[in-house]
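Under my numbering, read the sequence shown as residues 1 to 82, first letter to last. Positions of the beta carbon are idealized from the N, C-alpha and C atoms, including for glycine. I have placed the structure first, in the form of structure tokens, so that the comments after it can refer back to it.
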Amino acid sequence: MDSDTYFSLVGELVLLHKTEIQDKKKLEERWKGSYYIHADLGNGVYKLRTMDRKVLKVPINGARLKKYHQCALSEPIVLIEN
């Protein structure tokens with residue numbers, strides 16, 4: 001595994017690859033999440049935490065994770081009519 005796939009920060013947002021999908025359809029979602037990295041167990045293995053703070057029981061290999069990029073929300077535009 002390339003060292004770039006390892007995540008360095010506990011608390012980083014990631015997506016988890018759905019490896020249980022057998023018949024992959026073209027438009028079927030392949031990622032689930034987002035999750036927080038709860039703990040780095042070493043050797044590219046992580047414990048994940050859901051958005052509502054529940055820690056997943058099974059450790060996850062870093063090869064099944066990718067960084068989650070939140071969309072930047074801009075400030076709302078307020079129109080004042082005269």
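Three-state secondary structure (DSSP) of residue i
i      : result
Ala-39 : strand
Per DSSP, cross-strand counterpart(s) of residue i
i      : result
Glu-49 : First, the amino acid is wrong: residue 49 is Arg here, not Glu. Beta-bridge pairing links Arg-49 to Tyr-36, Val-55.
Leu-13 : Tyr-36
Asn-60 : Residue identity differs from the one stated: residue 60 is Ile in this sequence, not Asn. DSSP, once it has assigned bridges, lists Tyr-46 as partnering Ile-60.
Residue closest to residue i, alpha-carbon to alpha-carbon, out of the options
i      : options                        : result
Tyr-35 : Asn-43, Pro-59, Glu-75, Leu-73 : Pro-59
Asn-61 : Lys-47, Arg-53, Gln-70, Cys-71 : Lys-47
Residue interval of the beta strand (DSSP E) (run including residue i)
i      : result
Lys-25 : From DSSP, Lys-25 is part of no beta strand (DSSP E); its letter is neither H nor E.
Lys-66 : 65–67
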